[in-house]
Structures are given as structure tokens and as C-alpha cells.
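Enquirer: Attaching a single structure in C-alpha cells format; questions to follow.
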Amino acid sequence: MALNHLGMNVMLHTIEVAGIIAFASSGFIEARRKRMDVVGVFTVAFITAFGGGTLRDLLLDRRPLFWVEHQEYPILIFVMALIAIPVLRHLRHAVAENAIVFADALGLGLFSVNGASLASEAEMPMFVCAMMGVITGIFGGVLRDVICNEIPLVFRRSNLYATCAFAGCWVYLLLNQLHVMEIVALLFGTATTFLLRMLAVRFDWKLPA
Amino acid sequence: MALNHLGMNVMLHTIEVAGIIAFASSGFIEARRKRMDVVGVFTVAFITAFGGGTLRDLLLDRRPLFWVEHQEYPILIFVMALIAIPVLRHLRHAVAENAIVFADALGLGLFSVNGASLASEAEMPMFVCAMMGVITGIFGGVLRDVICNEIPLVFRRSNLYATCAFAGCWVYLLLNQLHVMEIVALLFGTATTFLLRMLAVRFDWKLPA
Amino acid sequence: MALNHLGMNVMLHTIEVAGIIAFASSGFIEARRKRMDVVGVFTVAFITAFGGGTLRDLLLDRRPLFWVEHQEYPILIFVMALIAIPVLRHLRHAVAENAIVFADALGLGLFSVNGASLASEAEMPMFVCAMMGVITGIFGGVLRDVICNEIPLVFRRSNLYATCAFAGCWVYLLLNQLHVMEIVALLFGTATTFLLRMLAVRFDWKLPA
Numbered sequence: 362m363a364l365n366h367l368g369m370n371v372m373l374h375t376i377e378v379a380g381i382i383a384f385a386s387s388g389f390i391e392a393r394r395k396r397m398d399v400v401g402v403f404t405v406a407f408i409t410a411f412g413g414g415t416l417r418d419l420l421l422d423r424r425p426l427f428w429v430e431h432q433e434y435p436i437l438i439f440v441m442a443l444i445a446i447p448v449l450r451h452l453r454h455a456v457a458e459n460a461i462v463f464a465d466a467l468g469l470g471l472f473s474v475n476g477a478s479l480a481s482e483a484e485m486p487m488f489v490c491a492m493m494g495v496i497t498g499i500f501g502g503v504l505r506d507v508i509c510n511e512i513p514l515v516f517r518r519s520n521l522y523a524t525c526a527f528a529g530c531w532v533y534l535l536l537n538q539l540h541v542m543e544i545v546a547l548l549f550g551t552a553t554t555f556l557l558r559m560l561a562v563r564f565d566w567k568l569p570a
Numbered sequence: 362m363a364l365n366h367l368g369m370n371v372m373l374h375t376i377e378v379a380g381i382i383a384f385a386s387s388g389f390i391e392a393r394r395k396r397m398d399v400v401g402v403f404t405v406a407f408i409t410a411f412g413g414g415t416l417r418d419l420l421l422d423r424r425p426l427f428w429v430e431h432q433e434y435p436i437l438i439f440v441m442a443l444i445a446i447p448v449l450r451h452l453r454h455a456v457a458e459n460a461i462v463f464a465d466a467l468g469l470g471l472f473s474v475n476g477a478s479l480a481s482e483a484e485m486p487m488f489v490c491a492m493m494g495v496i497t498g499i500f501g502g503v504l505r506d507v508i509c510n511e512i513p514l515v516f517r518r519s520n521l522y523a524t525c526a527f528a529g530c531w532v533y534l535l536l537n538q539l540h541v542m543e544i545v546a547l548l549f550g551t552a553t554t555f556l557l558r559m560l561a562v563r564f565d566w567k568l569p570a
Numbered sequence: 362m363a364l365n366h367l368g369m370n371v372m373l374h375t376i377e378v379a380g381i382i383a384f385a386s387s388g389f390i391e392a393r394r395k396r397m398d399v400v401g402v403f404t405v406a407f408i409t410a411f412g413g414g415t416l417r418d419l420l421l422d423r424r425p426l427f428w429v430e431h432q433e434y435p436i437l438i439f440v441m442a443l444i445a446i447p448v449l450r451h452l453r454h455a456v457a458e459n460a461i462v463f464a465d466a467l468g469l470g471l472f473s474v475n476g477a478s479l480a481s482e483a484e485m486p487m488f489v490c491a492m493m494g495v496i497t498g499i500f501g502g503v504l505r506d507v508i509c510n511e512i513p514l515v516f517r518r519s520n521l522y523a524t525c526a527f528a529g530c531w532v533y534l535l536l537n538q539l540h541v542m543e544i545v546a547l548l549f550g551t552a553t554t555f556l557l558r559m560l561a562v563r564f565d566w567k568l569p570a
């Protein structure tokens, strides 16, 4: 049981790091397209990567915050910000565009399901777990758009986004309810969100207005 | 005493639900006017309804958050969001306009005084109680406007709004100080805010610029 | 040791008040330039002055919040808001412009280093202490700009700002590491931020884009 708990912690930790890098990358690309300076690039990447998880931790009253406990996370983004500007200058526009969509879909899946899992561990009711997952997944991007002075993409009539996170969280939560192994539930939930999002972009799926 | 405390809890709970429905309705109408999809409608309604109370709970360090403890609140808004779009399509513009003002004034009164009451229960100093009331009442709308990429209406030179909430909170706090029955203090505070707001809209009252 | 701790508390408290007045003043001037009414002037000043520190306290889970514990802080800003409008009407534009820059640079130095010091007291890792300092220093202004519906100045390619706070925090943290007296470390850190900021404005220093 203790081993299991440790194993799950390591797994959640790894998922967290992967999600951070994916989201921070989408933040770098966005900030560069707005021609921000190094501080702007760092901050937008930081807020995109940690905004959703920080809001979740504030709502669940989890302390220390995950990026306070692991100062290597913000340092990683700080170093990435310093090298992002010259690197991004040499990427072609279309590549950057596709890279955003892919990294962002991966981050969305990883963060949402991770958030639902943490809320479930904290014994929240199921609907709240699903909402915490969606908040973890989308609020980094919402804050990024608010700070960049735009209506958050996710609330406009664009391709399915929050809905993909919502669906993935329910897949995770239901598998969890059926006592499937945690790692399997996490994988299926993340894959559901990721695939739904990629399909929504590919086939231009939208919700009715 | 225990009974009294229970009775007060039930009363505050009822006020909370009424306020949520009022504010969520104003959120639905606003989101529909911006032609958002279902996710946008749900989120704007959710943030309008729970934003102020959530900020208050974060500031007062109250956990679990009221909408986490009662998952029926977000579920209620989720279901309302699904039926809001067809329903709103059949309302005439003028009706919607008036409905926003009325529901919003009621929500403002209910939430502000409820917030002041919770802060008072937490033994905050009086001026802070009044501020917590105003924050509870107005910040849902502020966040809605920030997310919709507008300068919050409440800070522009429009008809009295935050001032009505401020006045209602002081009425509640002073009656409370005089040991008037809690329910009476709550009613008078709420009525003060509601009536001041309706009068301000009707007679175009503004603060000096 | 107890005396030392008390002395440090008094000192941090004094710095806090000076920073609040400096930031609130910049908030008044900004809100007046947008021709907001009294409620707007108060709220923008309040958020500019307390936004950064409140976010820091939420992130560090410090309660009660500093402006809840000391209701004289918000009352001070409330009274200042009432007299700010007539006073500001008689200031000439150029004076107001210079006053914003000066007060803001002072507030930036005082708040950032104070934030780093509080995070250090809470035994956060050093990079996180520096970040908490920068957050305390700049987020009041970020929230002010978000609410005024502008891209935060600090993230655009303008004169060095967050970078000055970052440098001052590291000066403080390194002196602290060398066991220099707390008051000396605070003074040097604050002075570093203040001077760097004034020089950046004077000589138009920017980060590379």
C-alpha cells in the first residue's frame, strides 16, 4: 500500500513535468508571436504552465504549491525562456503553429486528468473532481489570454477544447470507480482528452452556438 | 444556541442558492449576447455566480469552498446551461435586458450581505466585513467582464453599483451591532442594497467623476 | 532573539505602510487619468496597493491577510480616495507623470524586497523567494492593467521593471545568506531595485526583444 502510494506519487510527478514542458512551450511560442521581451516570455510561459495547477491548489488548499516545493520547475522555465527566443527565431511559422496545437493538446490531457486525480485523492465529490480537472487543464491558457488582453479562446465558439478535458476526466473517474489500476485509468483519461482534441482540430468540431 | 446556529446556517444556505440562481441567470444572458457556445455559457455563468464567493472564501481561508461542498450547485448551473440557449432564444431583447438588471440587483443584495455576515462570523474588523461583502457581491461580475475583455462596468462611471452593496453591508453590520435578530438584519441589509440599486438604475444615479 | 524578531516585525510593518502609500498614489493617478468615479478610484488604488501582497499571502498561505489584520490600511486608502479627486485636479500633468514613476519605483523596491523577506522567513527555496518578491512587487500593477483592459506594461517591451525587482531581491537574498544584518540587507535590496528602475526610465533601458 505504501509502495503503491509512492509509485503513484512518482507517476503523478512525471506526468506533471511532461505537462509543464508542453504548456510552457505553447506559452513561449505565443509570447514570441506577441514580440514580448525575455521577462514577458518567461512570465507568459510560467502562467500558462502553472496557472491552472496553482488555481487548483488554491481551491483545494494544497500547500506548498507544486512549483514552490520543486523550485527546479520555475528554474527550468527560466532557463528555457533565455534560450527560447533565439531558438524560436529559426522555426518556421507553420511548424510553430502545429507544435502549439500538439503540445497544447498533450498538456491539456496530462494536466486535466492529473487535476481530477488529485481532487479524487482529496475525496471531493465526482462532479467537482471533473471540474477541478478541467480547471487545471484550461486555466493556464485562460490566464494567458486574459493577460494578453484577448477573450479566452476556450470560451469562444472555437473547436472543442474544455469539452475534451471534461470527457477525459470522466473516463478517468469512471475507470477509477471501477477499481481499474490507477496508471491505466490515468493513461486512458489522458489519451481520451488528447485524441478528442486532435480530432476536433483536424475535423473542425464545434459545439452548437 | 445550537438550534439558533443551525437555523442561521439554513437561512444563509437558502440565501446563497437564491443568489446563485440570480447571478447565474445574468451570466447566461450576458454569455448568450456574446454568442458563446455551451462551454462558454456554462463557464461565464459559473464564474459570475461563484467568482465573488470563491474569492471571499480564499481571502477568509474558508474550506471546503461552498460550491465544492455542495456539488449540486455547479450541477444546477451545468443543467441550466444546457437548457439556457433554447430558452433564451425565445425571450425578447427588452425582457432579457430588464431581467438582467432585476436578477443582478437581487444577487448583489443577497451575496453582499451574506459575505458581510460570513466575515462577521469569522470576527473580522467591521470595515473589512463591509469590504468582504462588497467583494462577494461584485467580483463575480468583475471577473465576468475581465474574461469578456471589457473594463468592469462597476468601475466605470455608471449607475451606483458597488456603493449600493457597501451601504447594504453597513446596514446589516450596524443592525448586527445593535443585536437585532440575524434574519432581520440580513433582510434589511439585502433590501437596502436591492432598492438602492433599482432606484439608481431607474433615476440614473451616478457618483461624481 | 525575541527582541530582534519584534524589531524586524516593526521594520517590515513600516516598509509595508510606505509601500502601500506609494503604490496607492500611483493607482489614484492612473484611475483619475481614466476618469473613473470614486468607487473606481478606490478600487484601482486598493488593487494596485494590495494585489501583489494578497497574491503572495494566498500563495504562501499566510492568514490573516495583512490588510485584513490591519483594517487601518484599507480605511487609509478609502479616505485618500475621497480626497484624491479634488487634489489631483490641481496637479499639473507633468508633475503627475513624474510622481507616478517615482512613487511606483519606490513601491516596487519596498514591496519586492519585503516579499522576498517574508518568503525567506517561511523557509522557501531561494529562487522561489526571489519569485515571491517579484510577484509581490509587480502583481498589483499587473492586476491594475488587466482590470483597465490593457496588456500589463511590465510584460511589454518597455523599460526594465520586473528585472529591477528581481535584481533587488537577489541582492537582499545574498546579503541575507552572508548573515548581514536584516535591516542592512533590506535597505540595500530596496535601493538596488529603486535605483535600477529610475536609471532604466532615465536612460531608456530595455531588454532585447
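Residue numbers (this note's numbering), protein chains in the order written: chain F, 362 to 570; chain E, 362 to 570; chain P, 362 to 570.
Every residue gets a Cβ at the ideal spot worked out from N, C-alpha and C, and that includes glycine.
1) Taking its Cβ as the centre, do 16 or more other Cβ atoms sit within 10 Å of Gly412(P), making it buried, or is it exposed?
2) For Asn520(E), write down the residues that DSSP places opposite it in a beta bridge.
3) Go ahead and label Met362(F) buried or exposed: buried means 16 or more other beta carbons lie within 10 angstroms of its beta carbon, across all protein chains shown.
4) My understanding is that Ile499(F) touches Val515(F), with C-beta atoms under 8 Å, so please give their C-beta distance in whole angstroms.
5) What is the DSSP secondary structure of Met362(E), reduced to helix, strand or coil?
6) Is the CB of Pro569(F) under 8 Å away from at least one CB in chain E?
7) Assuming Ala410(F) is part of the alpha helix (DSSP H), what are its boundary residues?
8) Between which two residues does the alpha helix (DSSP H) harbouring Ala445(P) extend?
9) Rounded to whole angstroms, how far is the Cβ of Leu449(P) from the Cβ of Ile508(P), which I believe are closer than 8 Å?
10) Please decide whether Pro425(F) counts as near chain E, where near means a Cβ-Cβ distance under 8 Å.
11) Check whether the Cβ of Glu482(F) lies closer than 8 Å to any Cβ atom in chain E.
12) Kindly indicate if chain P contains any beta-carbon less than 8 Å away from that of Ile390(F).
13) For a cutoff of 8 Å on Cβ pairs, would you count Ile307(F) as touching chain E?
14) In whole angstroms, what is the alpha-carbon distance linking Ile461(E) and Leu367(E)?
15) Who are the Cβ neighbours of Gly468(E) in its own chain at under 6 Å, not counting the five residues just before and after it?
16) If we count the other Cβ atoms within 10 Å of its Cβ and call it buried at 16 or more, is Glu511(F) buried or exposed?
17) In three-state DSSP terms, what is Val429(F)?
18) Measure the CB-CB distance between Val405(E) and Ala392(E) and report whether it falls below 8 Å.
19) Please compile the residues from chain P whose C-beta is within a distance smaller than 9 Å of the C-beta of Phe488(E).
20) Does any CB atom of chain F fall closer than 8 Å to the CB of Val507(P)?
21) Only counting the same chain, and skipping five residues up and downstream in sequence, which positions put a Cβ closer than 7 Å to that of Ala546(F)?
22) Within the chosen definition, does the stretch 516-526 of chain E reach the stretch 547-562 of chain E through at least 3 CB pairs nearer than 8 Å?
23) Is it true that the CB of Arg424(P) sits closer than 8 Å to the CB of Asp418(E)?
24) Just how far apart, CA to CA, sit His426(F) and Gly414(F)?
25) Indicate the three-state DSSP secondary structure (helix, strand or coil) for Val371(E) in the structure shown.
26) What residues from the stretch 522-546 of chain F come within 7 Å of chain E, judged by C-beta to C-beta, listed N to C?
27) Report yes or no: is there a C-beta of chain P within less than 8 Å of the C-beta of Phe549(E)?
28) Would you say Ser481(F) touches the ligand FMN, meaning its beta carbon is less than 7 Å from a heavy atom?
29) Along the alpha helix (DSSP H) that carries Leu514(P), what are the first and last residues, could you check?
30) May I have the straight-line CA-CA distance separating Met493(E) from Pro447(E), to the nearest angstrom?
31) Just reading off the alpha helix (DSSP H) that Arg505(P) is part of, what are its end residues?
32) What would DSSP say about Ala526(E), mapped onto helix, strand or coil?
33) Do Val440(F) and Val489(P) have their CB atoms nearer than 8 Å?
34) Counting contacts by CB-CB distance shorter than 8 Å, is Leu421(E) in contact with chain F?
35) Taking Cβ-Cβ distances below 9 Å as the criterion, which residues of the stretch 463-475 of chain E are in contact with chain F?
Expert: The answer reads as follows:
1) buried
2) Note: Asn520(E) sits in a beta bridge opposite Lys567(E).
3) Residue placement at Met362(F) cannot be trusted, given a pLDDT of 43 that sits under 50; what the coordinates show is reported in the next sentence. Per the 10 Å Cβ criterion, exposed.
4) The distance from the Cβ of Ile499(F) to that of Val515(F) is about 5 Å, consistent with a contact at the 8 Å cut-off.
5) In this prediction, Met362(E) has a pLDDT of 43, which is less than 50 and means its spatial position is unreliable; what the coordinates show is noted afterwards. Secondary structure at Met362(E): coil, using DSSP grouped into helix, strand and coil.
6) For Pro569(F), at least one C-beta of chain E is nearer than 8 Å to its own C-beta.
7) 399-421
8) Element bounds for Ala445(P): 433-450.
9) Contact flag wrong, Cβ pair sits at about 19 Å.
10) no
11) no
12) Ile390(F) does not count as touching chain P.
13) In the structure displayed, chain F extends from 362 to 570; residue 307(F) sits before or after that span and is not available.
14) Taking the CA atoms as reference points, Ile461(E) sits about 33 Å from Leu367(E).
15) If we look at Gly468(E) and ignore the five residues flanking it on each side, its Cβ neighbours are Gly380, Ala383, Phe384.
16) exposed
17) helix
18) yes
19) Gln432, Glu433, Pro435, Ile436, Phe439
20) At a cut-off of 8 Å between C-beta atoms, Val507(P) counts as an interface residue with respect to chain F.
21) If we look at Ala546(F) and ignore the five residues flanking it on each side, its Cβ neighbours are Tyr533, Leu536, Asn537.
22) In short, these stretches touch, since the Cβ pair count reaches three.
23) No, the Cβ-Cβ distance between Asp418(E) and Arg424(P) is not below 8 Å.
24) The question names His, but residue 426(F) in the sequence shown is Leu. Approximately 9 Å between the Cα atoms of the pair.
25) helix
26) Ala523, Thr524
27) no
28) With respect to the ligand FMN, the structure shown offers nothing to examine, as it has no ligands at all.
29) Here Leu514(P) belongs to no alpha helix (DSSP H), and DSSP marks it neither H nor E.
30) Taking the straight line joining both Cα atoms gives about 36 Å.
31) 487-508
32) If DSSP states are grouped into helix, strand and coil, Ala526(E) belongs with the helices.
33) no
34) no
35) Cβ proximity to chain F below 9 Å picks out nothing from the stretch 463-475 of chain E.
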